[in-house]
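J.: If you count the sequence shown from 1, position 236 lands on 216 in the numbering used here, and the numbers rise without skipping.
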Amino acid sequence: MVVLLRVSIFAGVFVLWEVAARLGWMDAFVTSQPSRAFATAMNLARRGELAMHLGYTVGETAAGFVLGTLMGVVAAVFLWWSPFLSRVLEPYVVVLNSIPKVALGPIFIVWLGTNVNAIVAMAIAISVIVTVMMVYAGFREVDPNKIKLLRTFGATKLQVLQKVVIPSSIPVIIAALKVNVGLSLVGTIVGEFLVSRAGLGFLIVYGGQVFNMSLVMSSVILLSGVSVILYYLVSRLEDYVVKWRQ
């Protein structure tokens, strides 16, 4: 029933959009319409450009997602490992989280050049701080009695991390992955807006510059599809981890 309602809402929006454009309720030049967006996507696919642009965006997002998550988890481990380091760096983490990451774009361009490295760096910048904050908060919520019990039996700090802290924080880490996959995609698109000559972000900017709203809308729809697929893959990973833990 839930799936049926979701599909109905999705289809209803597109049908209403198409009908409104055909009947002149909205200006199709400004808003385009589903049939035109679909035709534009098919033209890109026939020319072999659609797969290329999708490949760039998905690859850059995957790189930013993996690197941002790994860097965030490692940083959270260091903060948990050293309470002194945590007290020193925690205010900086909060400040970095509050900085609009888009403002870092020109810095990455100067440092890394107008290439894929700047795009991946933008994806990492948007996702890594959130990972640090979420995972570190999860580490701090681990039952202290479990840690004391292991310490009583002579466990080292590394053993406590491996046997208690990380396993107990798996739900938080999975939640961070779900957030990160969307943030990494946002970072990738922002990076493509600024420097790319390929990718869905580039198509959106180019379409806007030449007033081709069908290209813009088809790219946005494809981008939504990519987001849904990536989130679904992370959800499947969550299901696998839950079964493995049981």
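We treat Cβ as the ideally placed atom computed from N, Cα and C, and that holds for glycine.
1. Could you compute how far the alpha carbon of L(-15) sits from the alpha carbon of V(-1)?
2. Which value, in whole angstroms, describes the spacing of the CA atoms of R131 and V140?
3. Which same chain residues end up closer than 6 angstroms to F182 when comparing Cβ atoms and leaving out the 5 residues on each side of it in sequence?
4. Look at the alpha carbon of G118 and the alpha carbon of V108, and state the distance between them as a whole number of angstroms.
5. So A8 packs on M197, CB below 8 angstroms; how close in whole Å?
6. Enumerate, from N- to C-terminal direction, the unbroken alpha helix (DSSP H) stretches of 4 or more residues contained entirely within the segment 130 to 213.
7. Mind checking M(-19): buried by the 16 CB within 10 Å criterion, or exposed?
8. Return the chain-ordered ranges of every beta strand (DSSP E) run that is complete within the segment 84 to 121 and spans a minimum of 3 residues.
9. Less than 8 angstroms between C-beta atoms, sequence neighbours within five positions excluded: which residues of the same chain meet that for P151?
10. When we look at the beta-carbon of A1 and count the other beta-carbons within 10 Å, is it buried (16 or more) or exposed?
11. The alpha helix (DSSP H) that contains G52, what's its start and end?
12. Check for me: the alpha helix (DSSP H) holding P14 runs from which residue to which?
13. Span of the alpha helix (DSSP H) holding V82?
14. Report the rounded CA-to-CA distance for P147 versus A(-9), giving the unit in angstroms.
15. Going by other Cβ atoms of all chains shown within 10 Å of its Cβ, with 16 needed for buried, is S78 buried or exposed?
16. Does DSSP classify D227 as helix, strand or coil?
17. Determine, using beta carbons only, whether Y211 and V161 come nearer to each other than 9 angstroms.
18. Determine, using beta carbons only, whether V170 and G85 come nearer to each other than 9 angstroms.
19. With W5 as the anchor, note down where its alpha helix (DSSP H) starts and where it stops.
20. Classify A19 as buried or exposed, calling it buried when 16 or more other Cβ atoms lie within 10 Å of its own Cβ.
21. For L195, count neighbouring C-beta atoms within 10 Å of its own C-beta (all shown protein chains included) and say buried if the count is 16 or more, exposed if not.
T.: Working from what's here:
1. Going by the C-alpha atoms only, they are around 21 angstroms apart.
2. The alpha-carbon atoms of R131 and V140 are separated by roughly 8 angstroms.
3. Excluding sequence neighbours, F182 sits near E172 and S176.
4. Their backbone Cα atoms lie some 15 angstroms apart in a straight line.
5. Rounded, the Cβ-Cβ distance is 10 angstroms, inconsistent with contact.
6. 137 to 140, 150 to 175 and 180 to 189, all fully within the segment 130 to 213.
7. When all chains shown are included, M(-19) counts as exposed.
8. If only complete runs of 3 or more residues are kept, the segment 84 to 121 shows no beta strand (DSSP E) anywhere.
9. So the qualifying residues of the chain are G118.
10. Under this definition A1 is a buried residue.
11. Element bounds for G52: E29 to W61.
12. Counting along the chain, the alpha helix (DSSP H) containing P14 begins and ends at P14 to R26.
13. Under the DSSP assignment, V82 falls outside any alpha helix (DSSP H); it carries neither an H nor an E label.
14. Spanning the two alpha carbons is a distance of roughly 41 angstroms.
15. With fewer than 16 other Cβ atoms within 10 Å, it is exposed.
16. The structure shown does not extend to residue 227, since the chain is modelled only from -19 to 226, so the question has no answer here.
17. Cβ atoms of Y211 and V161: closer than 9 angstroms.
18. Cβ atoms of V170 and G85: closer than 9 angstroms.
19. For W5, no alpha helix (DSSP H) run applies, since DSSP gives it neither H nor E.
20. Flag for A19 reads exposed.
21. Taking all protein chains shown into account, L195 has 16 or more neighbouring C-beta atoms within 10 Å of its C-beta and is therefore buried.
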